[in-house]
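Anchor point for the sequence shown: position 28 equals 28 in full-length UniProt numbering, and the numbering is continuous, going up by one each time.
All residues carry an ideal CB built from backbone N, CA and C; glycine is no exception.
Note that this is a predicted model, so its numbers are computed, not measured.
Accompanying notes for the structure given below.
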Amino acid sequence: DVVIAGTDTTATTIEWAMAELLNNPKAMENIQNELSKVVGFKNELEEFHIPKLKYLEAVIKETMRLYPAIPLLIPRSPTQTSTIGGYTVPKKSMVFINLPWIQRDPSSWDSPLEFKPERFLHDNKKCQFSGNNFNYLPFGSGRRVCAGMPLAEKMLMYLLASLLHSFEWKLPEGETIDMSYTFGAVLRKRTPLHAIATPRLSEPNLYG
Numbered sequence: 001d002v003v004i005a006g007t008d009t010t011a012t013t014i015e016w017a018m019a020e021l022l023n024n025p026k027a028m029e030n031i032q033n034e035l036s037k038v039v040g041f042k043n044e045l046e047e048f049h050i051p052k053l054k055y056l057e058a059v060i061k062e063t064m065r066l067y068p069a070i071p072l073l074i075p076r077s078p079t080q081t082s083t084i085g086g087y088t089v090p091k092k093s094m095v096f097i098n099l100p101w102i103q104r105d106p107s108s109w110d111s112p113l114e115f116k117p118e119r120f121l122h123d124n125k126k127c128q129f130s131g132n133n134f135n136y137l138p139f140g141s142g143r144r145v146c147a148g149m150p151l152a153e154k155m156l157m158y159l160l161a162s163l164l165h166s167f168e169w170k171l172p173e174g175e176t177i178d179m180s181y182t183f184g185a186v187l188r189k190r191t192p193l194h195a196i197a198t199p200r201l202s203e204p205n206l207y208g
């Protein structure tokens, strides 16, 4: 459980983010332009750079909206029979919260199936990772919110920023990306992502 919660979910989210960025080269260009301004081509990425990378943060948030690593939140068991939205939920039944459906709900999100990081730039405070907005719950909410949320947020930002700061990325010749997923404890890509990296920085010593 510790391995899945601490590493598998992070790796899966990075893979989804890279897949979407390879499918949306303008978004990748926006991140790398931001990195060029904040970090520069002759410097290593450091922790103090991370809070300044607002477009990168928006990409992480949009990735977690479309592909929440844990698609079904921790189940609840009601203490009494209730009627919710016309459905009867019996007492002591097991209730799972379907996060992909919530975060792709067209009544809450404009063009919900499109990868649009800009939506988090225009109203960033509305959708924080804290779980206070029930339309956006990638880490859950309330007393059962993910205990590793602060660490995961930093890891995701640093890992994705490092990959895009250090390398240019492209797909192998003639390949496309399969964006289908397997729905289980973790929302994984059905087929692993393959991409080609080439050095981006001007100083060879930064790679080593």
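Within the stretch 57 to 111, the beta strand (DSSP E) runs of at least 3 residues that lie entirely inside it are, in chain order, 82 to 84 and 87 to 89. Ile84 sits away from Leu137, with the two beta carbons spaced by 8 Å or more. For Leu21, same chain residues with a beta-carbon under 6 Å away, outside a window of 5 residues either side, are Ala27 and Met28 in chain order.
Taking 8 Å as the cut-off, the Cβ atoms of Ser141 and Leu45 do not count as close. In this structure, Thr7 sits away from Ala69, with a CB-CB distance that is not shorter than 8 Å.
Between Leu164 and Leu35, the beta carbon gap of about 6 Å places them in contact (Cβ cut-off 8 Å). Bounds of the beta strand (DSSP E) holding Thr198 are Ile196 to Pro199. Judged by their CB atoms, Pro117 and Val59 are nearer to each other than the 8 Å cut-off. Of the candidates Tyr158, Phe134, Arg76 and Leu56, the residue whose Cα lies closest to the Cα of Ser108 is Phe134. In this structure, Phe96 places its C-beta atom within 8 Å of the C-beta atom of Pro75. Within the model, the alpha-carbon separation for Ala19 versus Asn43 is close to 26 Å. About 5 Å separates the Cβ atoms of Phe120 and Lys61, confirming a contact at the 8 Å cut-off.
Of the other Cβ atoms in all chains shown, 16 or more fall within 10 Å of the Cβ of His49; this residue is therefore buried.
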